[in-house]
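In the numbering used here, the protein residues as written are 53 to 436. For glycine and all other residues, C-beta sits at the position ideal for the given N, C-alpha and C. Remember, predicted model here, so these are calculated numbers, not experimental data.
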Amino acid sequence: MRQSLKLKGQQRDEQVVSPDIVTWRFSWVNTKVDDERSRDSDHRPATRPPPSATRLYVSVLREFTKQNQIPSVATTSKRFGFRSILTVMQLGFDMEKRGGSGGSQIFENLGTFLRKCIFSVLSVGPIPNHIAFIMDGNRRFAKKQNLIEGAGHKVGYLALMSMLRYSYELGVKYVTIYAFSIENFKRRPEEVQSVMDLMQEKIEQLINEESILNHFGVRVHFIGNLKLLSAPVRLAAERAMLVTACNSKAVLSICVAYTSTNEIMHAVEESCVKKWDEIRELNASGVDCGLTKLEGYEKGEAQDLINLTDIEKHLYMAVAPDPDILIRTSGETRLSNFLLWQSQYCYLYSPSVLWPEIGFWHLLWAVLNFQRNHFYLEKKKKQL
Numbered sequence: 053m054r055q056s057l058k059l060k061g062q063q064r065d066e067q068v069v070s071p072d073i074v075t076w077r078f079s080w081v082n083t084k085v086d087d088e089r090s091r092d093s094d095h096r097p098a099t100r101p102p103p104s105a106t107r108l109y110v111s112v113l114r115e116f117t118k119q120n121q122i123p124s125v126a127t128t129s130k131r132f133g134f135r136s137i138l139t140v141m142q143l144g145f146d147m148e149k150r151g152g153s154g155g156s157q158i159f160e161n162l163g164t165f166l167r168k169c170i171f172s173v174l175s176v177g178p179i180p181n182h183i184a185f186i187m188d189g190n191r192r193f194a195k196k197q198n199l200i201e202g203a204g205h206k207v208g209y210l211a212l213m214s215m216l217r218y219s220y221e222l223g224v225k226y227v228t229i230y231a232f233s234i235e236n237f238k239r240r241p242e243e244v245q246s247v248m249d250l251m252q253e254k255i256e257q258l259i260n261e262e263s264i265l266n267h268f269g270v271r272v273h274f275i276g277n278l279k280l281l282s283a284p285v286r287l288a289a290e291r292a293m294l295v296t297a298c299n300s301k302a303v304l305s306i307c308v309a310y311t312s313t314n315e316i317m318h319a320v321e322e323s324c325v326k327k328w329d330e331i332r333e334l335n336a337s338g339v340d341c342g343l344t345k346l347e348g349y350e351k352g353e354a355q356d357l358i359n360l361t362d363i364e365k366h367l368y369m370a371v372a373p374d375p376d377i378l379i380r381t382s383g384e385t386r387l388s389n390f391l392l393w394q395s396q397y398c399y400l401y402s403p404s405v406l407w408p409e410i411g412f413w414h415l416l417w418a419v420l421n422f423q424r425n426h427f428y429l430e431k432k433k434k435q436l
């Protein structure tokens, strides 16, 4: 089994957002979860950004008006201070999560603009082609915030949507998420059923015409032993794959009922079945090649009947290249039976935050560290 690399500096976890923004952010998160059942936008909880951020935004807006154009991040940060600009950006991201109109829409637009400016700077260096996420800490987040059981997964879904948006805006083509392990079926039946119900609901939301998938042209693959899923969830997954089959700009792989050992076992089994069928066809056609190969293999006189390429073709994750970055939240450095075959030379990043708390800055820091270590990783790949 391949071993994953753990590079220096991956434990660093910088949070440059001011405390008042963070406090306001989580006060909204709690209200959002409590109000999840209400679909009427008129009944959304009323929240206001901190006055300091509001005044800062007005100043930035005036600067835009004076110049009759949108200044660069460098110019804006020189005028108002880079830390203040980051605060406004975080406010825009939170408004984007919440949705709305009026002032919130203005903050959202400003946050989107500044985020794209940062991405344009990042694009000077190598951009990861594939990012994988282990979404760890939903239940701990619910306990930490005194939320009802299952609420942590709902907030985690909001964090997932943000990570998908940021990743695709950055130019990442492949994103893989570890949604549900085979080992998770060993949890309490009522907890498993709650997660399955939520998964079915969110899958149906994903295939909505206005969802992020259609906005970025994302094709969805569900990875794993789907036979283990309940019929409603499996049908929803199949429908999502069918609806997005024509999308070609990006790919989202959702690992559900998945473990890497099960994936490898399935690939070996499929490779053996295929090779045996080939031998039977050769023997049935009167060609002695299949039997000769078997005899030669037993004597060690011929090439392997099944090689590495045969197994890789039958892996669940054959739909995507090996990941460049693997992010696991909650500070854990374990892979938990996830992409063991594919993660030999990917950069591992383990921020201490729980999954619902992950934000733009964690993704930014992961990409920066990937770029810093890119030469070393490529050098290791060439040594194979």
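Check, Outcome
"Residue 410 versus residue 163 - alpha carbon distance", "17 Å"
"Which of helix, strand or coil DSSP assigns to residue 39", "For residue 39 there is no data in the structure shown, the boundaries of the chain being 53 and 436."
"Beta bridge counterpart(s) of residue 232 as assigned by DSSP", "308"
"8 Å contact criterion, which residue 371 and residue 295 should meet: CB distance rounded", "So it is not a contact: roughly 17 Å between Cβ atoms."
"3 or more residues per run - each beta strand (DSSP E) lying fully within the stretch 250–329", "270–275, 302–310"
"Three CB pairs or more closer than 8 Å across the stretch 204–216 and the stretch 276–293", "no"
"Simplified DSSP assignment, three categories, for residue 162", "helix"
"Bridge partners - residue 380, DSSP secondary structure assignment", "186"
"Residue 238 to residue 188 span [Cα, whole Å]", "17 Å"
"Per-residue burial, residue 200 [other beta carbons within 10 Å of its own, 16 or more giving buried]", "exposed"
"CB of residue 299 within 9 Å of CB of residue 276, strictly", "no"
"Cβ-Cβ distance between residue 254 and residue 406 below 9 Å", "no"
"Where residue 400 sits in the DSSP three-state scheme", "strand"
"Inter-stretch contact at 8 Å, needing at least 3 Cβ pairs: the stretch 315–325 / the stretch 242–257", "no"
"Integer-rounded CB distance, given that residue 265 should sit under 8 Å from residue 309", "Not confirmed; about 21 Å, so no contact."
"Cβ shell of residue 194 (< 6 Å), same chain only, five flanking positions each side left out", "203, 204"
"Residues near residue 229 in its chain [Cβ-Cβ closer than 7 Å; skip 5 each side]", "185, 187, 212, 306, 307"
"Beta-carbon separation (whole angstroms), residue 241 vs residue 419, contact threshold 8 Å", "At roughly 40 Å, the Cβ-Cβ gap does not stay under 8 Å, so residue 241 and residue 419 are not in contact."
"Status (buried if at least 16 other CB within 10 Å, exposed otherwise) for residue 271", "buried"
"Residue nearest to residue 366 in terms of C-alpha spacing, selected from 182, 256, 218, 320", "320"
"Residue 426 to residue 291 span [Cα, whole Å]", "38 Å"
"Residue from 334, 379, 393 whose Cα sits closest to the Cα of residue 361", "393"
"Counterpart residues of residue 226 in DSSP-defined beta bridges", "182, 303"
"Close Cβ partners of residue 359 (< 8 Å) along its chain, the five nearest in sequence each way excluded", "none"
"C-alpha gap between residue 267 and residue 191, whole angstroms", "30 Å"
"Inter-residue Cα distance where the pair is residue 401 and residue 260", "32 Å"
"Beta-carbon spacing of residue 218, residue 357 below 9 Å", "no"
"Close Cβ partners of residue 378 (< 6 Å) along its chain, the five nearest in sequence each way excluded", "184, 395, 398, 400"
"Straight-line gap, residue 227 to residue 422 (C-alpha atoms, nearest Å)", "16 Å"
"Anticipated Cβ contact below 8 Å, residue 391 with residue 369, distance rounded", "7 Å"
"Nearest-angstrom Cα separation, counted from residue 236 out to residue 314", "14 Å"
"Contact set for residue 273: own chain, Cβ-Cβ below 6 Å, skip 5 residues either direction", "305, 371"
"Whole-number beta carbon distance between residue 172 and residue 223, since they are thought to touch under 8 Å", "No, residue 223 and residue 172 are not in contact; Cβ-Cβ is about 10 Å, not under 8 Å."
"Between the CA atoms of residue 221 and residue 424 - distance to the nearest angstrom", "21 Å"
"Residues near residue 225 by beta carbon distance below 8 Å, same chain, minus five either side", "181, 182, 301, 302, 303"
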